[in-house]
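Student: Line order of the protein sequences matches chains A and B.
Using the working numbering, read the first sequence as starting at 1 and increasing by one per residue.
Using the working numbering, read the second sequence as starting at 1 and increasing by one per residue.
Glycine included, each C-beta is placed from N, C-alpha and C at the ideal position.
As the structure is a prediction and not an experimental result, all values here were calculated from the model.
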Amino acid sequence: MNIDLAVIFAALMGVSILAYVVLDGYDLGVGMLMPAATPEQQDLMVASIGPFWDANETWLVLGIGLLLVAFPKAHGVVLGQLYLPVAIMLIGLMFRGVAFEFRMKAEGWHAQLWNWLFWFGSFMASLAQGFMLGRYITGFQPGVGYWLFAILVGASLCGGYVLLGATWLVLRTEGELQKKAYAWARWGLLWVALGVALVSIATPLASETVRDKWFDFPRTLWLMILPGASVATGLWLWRSLRPEVADWKPFAGAVTIYVLAFLGLAYSIFPYVVVDRMTIWDAASHDSALRFMMWGAAIVLPFIAGYTVFSYRVFRGKVREALYS
Amino acid sequence: MDAAAEALLLARAQFGLNIAFHILFPTLTIGLAWFLVYFRVCYHRNGDAAWLATYKLWVKVFALTFAMGVVSGIVMSFQFGTNWPGFMNNVGNIAGPLLAYEVLTAFFLEATFLGVMLFGMKRVPAWLHILSTIIVAVGTSLSAFWILALNSWMHTPTGHVMVDGVWIAGDWLQVIFNPSFPYRLTHMMLASGLTASFAIAGLSAWRLLREAGDASAMKTLRASVLVAAILVPLQIFVGDLHGLNTLKHQPAKIAAIEGLWETQKGAPLVLFAVPNEQTRRNDFAIEIPKGAALVLKHDADGELKGLNEFEPDRPPVAPLFYGFRLMVGVGVGMLLLAWFGTWRLRRGAPPRALLWTFAAFTFSGWIATLAGWIVTEVGRQPWLVTGVLRTADAVGNITGAQLGASLTGYVLTYTLMLLAYFVVITHMAGKGAVTEVQP
Numbered sequence: 001m002n003i004d005l006a007v008i009f010a011a012l013m014g015v016s017i018l019a020y021v022v023l024d025g026y027d028l029g030v031g032m033l034m035p036a037a038t039p040e041q042q043d044l045m046v047a048s049i050g051p052f053w054d055a056n057e058t059w060l061v062l063g064i065g066l067l068l069v070a071f072p073k074a075h076g077v078v079l080g081q082l083y084l085p086v087a088i089m090l091i092g093l094m095f096r097g098v099a100f101e102f103r104m105k106a107e108g109w110h111a112q113l114w115n116w117l118f119w120f121g122s123f124m125a126s127l128a129q130g131f132m133l134g135r136y137i138t139g140f141q142p143g144v145g146y147w148l149f150a151i152l153v154g155a156s157l158c159g160g161y162v163l164l165g166a167t168w169l170v171l172r173t174e175g176e177l178q179k180k181a182y183a184w185a186r187w188g189l190l191w192v193a194l195g196v197a198l199v200s201i202a203t204p205l206a207s208e209t210v211r212d213k214w215f216d217f218p219r220t221l222w223l224m225i226l227p228g229a230s231v232a233t234g235l236w237l238w239r240s241l242r243p244e245v246a247d248w249k250p251f252a253g254a255v256t257i258y259v260l261a262f263l264g265l266a267y268s269i270f271p272y273v274v275v276d277r278m279t280i281w282d283a284a285s286h287d288s289a290l291r292f293m294m295w296g297a298a299i300v301l302p303f304i305a306g307y308t309v310f311s312y313r314v315f316r317g318k319v320r321e322a323l324y325s
Numbered sequence: 001m002d003a004a005a006e007a008l009l010l011a012r013a014q015f016g017l018n019i020a021f022h023i024l025f026p027t028l029t030i031g032l033a034w035f036l037v038y039f040r041v042c043y044h045r046n047g048d049a050a051w052l053a054t055y056k057l058w059v060k061v062f063a064l065t066f067a068m069g070v071v072s073g074i075v076m077s078f079q080f081g082t083n084w085p086g087f088m089n090n091v092g093n094i095a096g097p098l099l100a101y102e103v104l105t106a107f108f109l110e111a112t113f114l115g116v117m118l119f120g121m122k123r124v125p126a127w128l129h130i131l132s133t134i135i136v137a138v139g140t141s142l143s144a145f146w147i148l149a150l151n152s153w154m155h156t157p158t159g160h161v162m163v164d165g166v167w168i169a170g171d172w173l174q175v176i177f178n179p180s181f182p183y184r185l186t187h188m189m190l191a192s193g194l195t196a197s198f199a200i201a202g203l204s205a206w207r208l209l210r211e212a213g214d215a216s217a218m219k220t221l222r223a224s225v226l227v228a229a230i231l232v233p234l235q236i237f238v239g240d241l242h243g244l245n246t247l248k249h250q251p252a253k254i255a256a257i258e259g260l261w262e263t264q265k266g267a268p269l270v271l272f273a274v275p276n277e278q279t280r281r282n283d284f285a286i287e288i289p290k291g292a293a294l295v296l297k298h299d300a301d302g303e304l305k306g307l308n309e310f311e312p313d314r315p316p317v318a319p320l321f322y323g324f325r326l327m328v329g330v331g332v333g334m335l336l337l338a339w340f341g342t343w344r345l346r347r348g349a350p351p352r353a354l355l356w357t358f359a360a361f362t363f364s365g366w367i368a369t370l371a372g373w374i375v376t377e378v379g380r381q382p383w384l385v386t387g388v389l390r391t392a393d394a395v396g397n398i399t400g401a402q403l404g405a406s407l408t409g410y411v412l413t414y415t416l417m418l419l420a421y422f423v424v425i426t427h428m429a430g431k432g433a434v435t436e437v438q439p
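(1) Nearest chain B C-beta to VAL255 (chain A) closer than 8 Å, yes or no?
(2) Given a limit of 7 Å on CB to CB distance, which residues of the region 413 to 436 of chain B reach chain A?
(3) If you compare alpha carbons, which of B:THR246, B:ALA50 and B:ALA300 is closest to VAL375 (chain B)?
(4) Taking 8 Å as the threshold (C-beta atoms), are VAL136 (chain B) and LEU104 (chain B) in contact?
(5) Cβ of THR308 (chain A) less than 8 Å from any chain B Cβ?
(6) For ASP184 (chain A), collect the residues of the same chain with a Cβ closer than 8 Å to its Cβ; drop the 5 residues on either side in sequence, then sort them by chain order.
(7) For PRO250 (chain A), go through chain B and note every residue whose CB falls closer than 9 Å to its CB, in chain order.
(8) Let me know if TYR267 (chain A) comes out buried or exposed under the rule of 16 or more other beta-carbons within 10 Å of its beta-carbon.
(9) Can you look up VAL319 (chain A) in the DSSP assignment and give me helix, strand or coil?
(10) When Cβ atoms are compared, which residues of the region 392 to 403 of chain B fall closer than 8 Å to chain A?
(11) Are PHE358 (chain B) and GLY213 (chain B) close, meaning C-beta to C-beta below 8 Å?
(12) Report buried or exposed for THR408 (chain B), applying the criterion of at least 16 other Cβ atoms within 10 angstroms of its Cβ.
(13) So with CB distances below 8 Å, who are the chain A contacts of ARG123 (chain B)?
(14) Tell whether a beta-carbon distance below 8 Å holds between TRP281 (chain A) and ALA6 (chain A).
(15) Three-state secondary structure (DSSP) at PHE483 (chain B)?
(16) For the ligand MN, is there any heavy atom lying closer than 7 Å to the beta carbon of MET293 (chain A)?
(17) What is the DSSP secondary structure of ALA267 (chain B), reduced to helix, strand or coil?
(18) Return the first residue and the last residue of the beta strand (DSSP E) that MET34 (chain A) is part of.
(19) Just curious, the alpha helix (DSSP H) that VAL225 (chain B) is in, first and last residue?
(20) Can you pull the chain B neighbours of GLU101 (chain A), defined as C-beta to C-beta under 7 Å?
(21) Terminal residues of the continuous beta strand (DSSP E) containing VAL163 (chain B)?
(22) Please report the straight-line C-alpha distance between LEU12 (chain A) and LEU66 (chain A), rounded to a whole angstrom.
(23) I want to verify the contact list: residues of chain A whose CB lies under 8 Å from the CB of PRO97 (chain B), in sequence order.
(24) Leaving out the 5 sequence neighbours to the left and right, which residues in its chain are closer than 8 Å to GLY331 (chain B) when beta-carbon positions are compared?
(25) Considering only C-alpha positions, which residue in the set B:ALA111, B:ALA126, B:TRP366 and B:TRP373 is nearest to GLY139 (chain B)?
(26) Anything in the region 98 to 119 of chain B with a Cβ closer than 8 Å to a Cβ of chain A? List those residues in chain order, please.
(27) By DSSP, does MET278 (chain A) sit in helix, in strand, or in coil?
(28) Would you please verify whether the beta carbon of PRO439 (chain B) is less than 8 Å from any beta carbon of chain A?
(29) Please determine, among B:VAL61, B:PHE107, B:GLN250 and B:MET218, the residue with the shortest C-alpha to C-alpha distance to PRO382 (chain B).
(30) Got a sec, what are the start and stop residues for the alpha helix (DSSP H) ALA395 (chain B) sits in?
(31) Could you check the C-alpha separation between LEU62 (chain A) and ASN89 (chain B) for me, to the nearest Å?
(32) Please list the residues of the region 81 to 94 of chain B that have a C-beta atom closer than 8 Å to any C-beta atom in chain A, keeping them in chain order.
(33) In chain A, which residues lie with their C-beta within 8 Å of the C-beta of VAL166 (chain B)?
(34) Along the alpha helix (DSSP H) that carries LEU190 (chain B), what are the first and last residues, could you check?
(35) Mapping DSSP to helix, strand and coil, what is VAL437 (chain B)?
(36) Quick one: residues in its chain with C-beta nearer than 6 Å to the C-beta of ARG280 (chain B), no 5 flanking neighbours on either side, listed in chain order?
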C-alpha cells in the first residue's frame, strides 16, 4: 500500500495550526479586549478562558512541532526568516500566560501591572502572528511593500482574534458584558472583512503560482464558492449579532470564516511548504520517522479530541464568578 | 572572535539560558503534582477542612509554576529548530518523533486536565476530580519520560542506523531505552520529588515562622520532610549508579568531574581544588588518597582513565568539577536536614532555628538540579550527540545581532518573571492556607 505520508502530515500540521488559530485566537482576543471592560467584567472574561488557554496553546506546540519533526528543512527556512517576530510572539505569550496567574494573586499596583501585561502580551502575540502570516504567504520577499503588507495582515489578525474573542464572550457571558461583546464583535467583523479582502487581493499579486491556481477557467468558477461562502457567512454573522439570536451562533459564524479562509490559503499554498521554493516532499523527514509518528498520532489524537470535548462540557454555560472564588 | 564563533557562543548562551530557566518549573511541578494527589486523597478520606485548604493553596502554587513551565517550554519548542537546525537535519528522524510523542501523549493530557483540576472541583464528582489530579501527575511524569529518553539518547546513542546518508532509528526500543536512560530518568524523577519536598517544607516553615499554630502548614511540613528523608538516600544510591553508568559510556565526563588529568592507578578523590587548564593540574587540592579508585572502581588500586586519553575531544574541566561538588554538597545538606528534621518533628513543635533552616533550603532542589544538569550537559561537549554530531556542526545561520537582540529580550523577560514568581510564591505561602468553615 502506498500512502503519501508527506501529504498526511501536511494535513495534520494544517489542522493543528487551524485549531491553534481558532482556539488560542478566542482567548488572545479576550485578552486584547480587557482594557474596554470594568474590573469585575475583566475577572469574568479571564474566568471564561481560564480552564482552556493552556490546552489551546498546546496546539501551537503541536503545529510547530510537526513542522519541525515532519518537515525539518522547511522549519529551518521558515523560522530562520521569522526569527525576530517569533521571539516577539514568544515573549508576548510568556507575559500573557503568567499574567493569568499573577493578576489573580498579586495585589494593588502589581495586579494592575499584570492586567496591563496580559493585554499587551495578547496584543504583541497576535500582531506578531499576523505579521508572520503576511511574510509567509508572500514567500518572504524583500521590499518595503511586502513589509507593509505583513504589518497590515498583523493588524487584520488582531481584528480577527477580537471577533473570535467577542463572539466567545457572547456565548459565555450575560448582561452588560454580553451587550458590550456584541458591539466588539461588530468592530471585529468589519476589521476581518477588510483583512480577508486585502489578503485575497495581495496574495495572487505577490505570487504567480497562486495567481495561476485561482485564475484558471473554468476551475475559477468552482473556486468562487470559497469567497462566496465567506461573504455569506460574514453577512449571516452580522445579522446574528443580536440578543434574539441563539448566542452560540455568532461564535460558530466566526469559526466558519476562519475555516473558509484556511481552506483558501491551503489551496493557494499546497503543495508548497515554503511558497514557490520548497514542496512538502522536498522538506519531509524520512519515512521511518513519519510512520512511527503516524501510529502515535492515529492512536492518541482521538483521545485528545475526546477529553477536549469533555473539558468544554464540564465548563459549559455562562461564567458567573471569578476563578478561584 | 570571528562571526561564526560568536554566533555559536550566543546560540549556546541563549539556548542554555532558556533550558536552565525552563527546567526549574517542570522539576518542581512533576514532584508537586504527586503531592497534590496525596493532599486531595487525604481530604477525600477524612473530610478535614485543613486538607482542603492545603490542597487549594498548593494547587495555586502548582498552577503558577506550571504556567511558567508551559510558556518557557513553548520557547524551547521553537529554539530546537532555530538555534540548532543541524540537530534536526542530522538526527531529526530520531529526535523529532520523541518530541512529537511528548506533545501528543503528555502536553495535551496535562494541559486539559489541569483546567478540570484547578477550576472544576464544584463541577465534577469527587472521584472525577481526584482522577483529574492523578492524570495531571501522570502527564507531567510522561513528559519527563519522553524528553529524558531523547536527552539520554544524545548522551548514549543506540539503535540508530545510517540509511541514504541520514540517521534513522533502526530499533525504536533501543533508541528509547538506551543505556543511560533508566538511570537518568530515575535520577531526575527523584530530583523532582526532592525539589518539591524541600519547596513545600521551606514554604510551610516560612508560614509557621509567621503563624506558629497553622494546622495546614504543620501537616505539609511533616509530610514533605518525611518524603525528603526517604528520597535523599535513594537519590544518593541512584546517583552513584548513574555515575558508574557514565564511567562506562562517557569516561571523559567522569575524568573532568574528578579533576583527573592523567590516567593513573589508585587515583585520589579530590574533595576540593582549583583545576588549572594551563598547567593541567589541580591547585590547592585537598584529596583523599585512593578515594576515586575506591568509589568508581570499588578497588583501591583500580585504574581510572585521565583527560589525557581523550584530547582534544573532552569537556572543559571547571564547570563539571565545581558543578558536581555543588550538587553533592547540596545533597549532603539535604540529607542531614531531612533526617534531623524528621527526628525533631516527632518530638513536638519545631524550634525557630530549624524552621529558618528549612526556609533557607526552599529552593535547594533547584540549585542541585541545575548544577547536575550543567555537569551532564557540559560534560557531553564537544558533542551534541555523542560520537554522532558535534555541537559546532549543528548551529544555524541566525546572525549574532539577531541572537543578541532576542537574547536581551529573553533575559529581561525571565528576570521579571522570576522576580514576580518569588514575590508571589512567598507572599502566598506567608498568608498560608485559608481553612473554610464547613457548612
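Tutor: Based on what the coordinates show:
(1) no
(2) Within the region 413 to 436 of chain B, the residues whose Cβ lies closer than 7 Å to some Cβ of chain A are THR413, MET417, ALA420, VAL424 and MET428, listed in chain order.
(3) Of all alpha-carbon atoms in B:THR246, B:ALA50 and B:ALA300, the one lying nearest the alpha-carbon of VAL375 (chain B) is that of B:THR246.
(4) Contact flag unset, no.
(5) yes
(6) The amino acid at residue 184 (chain A) is misidentified as Asp; the sequence shows Trp. For TRP184 (chain A), where only same-chain residues beyond five positions count, the Cβ hits under 8 Å are LEU33, ALA36, VAL162, GLY165, ALA166 and LEU169.
(7) Simply none; closest approach about 24 Å.
(8) exposed
(9) coil
(10) Closer than 8 Å at the C-beta level to chain A, one finds these residues of the region 392 to 403 of chain B: GLY396, ASN397, ILE398 and GLN402.
(11) Not closer than 8 Å, so no.
(12) exposed
(13) Per Cβ cutoff of 8 Å: VAL314 and PHE315.
(14) Yes, Cβ-Cβ distance for TRP281 (chain A) and ALA6 (chain A) is below 8 Å.
(15) For residue 483 (chain B) there is no data in the structure shown, the boundaries of chain B being 1 and 439.
(16) The ligand MN is absent from the structure shown, which contains no ligand whatsoever.
(17) ALA267 (chain B) falls in the coil class under three-state DSSP.
(18) From DSSP, MET34 (chain A) is part of no beta strand (DSSP E); its letter is neither H nor E.
(19) VAL225 (chain B) -> alpha helix (DSSP H) spans 215 to 249.
(20) ALA63, LEU64 and ALA67
(21) 160 to 163
(22) Approximately 8 Å between the Cα atoms of the pair.
(23) VAL69, ALA289, PHE292, MET293 and GLY296
(24) For GLY331 (chain B), where only same-chain residues beyond five positions count, the Cβ hits under 8 Å are VAL232, GLN235, ILE236, GLY239 and ALA368.
(25) B:ALA111
(26) LEU99, ALA100, TYR101, VAL103, LEU104, THR105, PHE107, PHE108, LEU109, ALA111, THR112, PHE113, LEU114, GLY115, VAL116, LEU118 and PHE119
(27) DSSP places MET278 (chain A) in strand when its eight states are reduced to three.
(28) Its pLDDT being 41, under 50, PRO439 (chain B) is placed unreliably in this model, and the value from its coordinates should be taken loosely. With 8 Å as the cut-off, PRO439 (chain B) does not count as an interface residue toward chain A.
(29) B:GLN250
(30) First, the residue type needs correcting, since residue 395 (chain B) is Val and not Ala in the sequence shown. Run containing VAL395 (chain B): none; DSSP gives neither H nor E here.
(31) The straight-line gap from Cα to Cα measures roughly 19 Å.
(32) GLY81, THR82, PRO85, MET88, ASN89, GLY92, ASN93 and ILE94
(33) HIS286
(34) 181 to 210
(35) With a pLDDT of 48 at VAL437 (chain B), under the threshold of 50, the predicted position of this residue should be treated as unreliable, though the coordinate-derived value follows. DSSP places VAL437 (chain B) in coil when its eight states are reduced to three.
(36) TRP261
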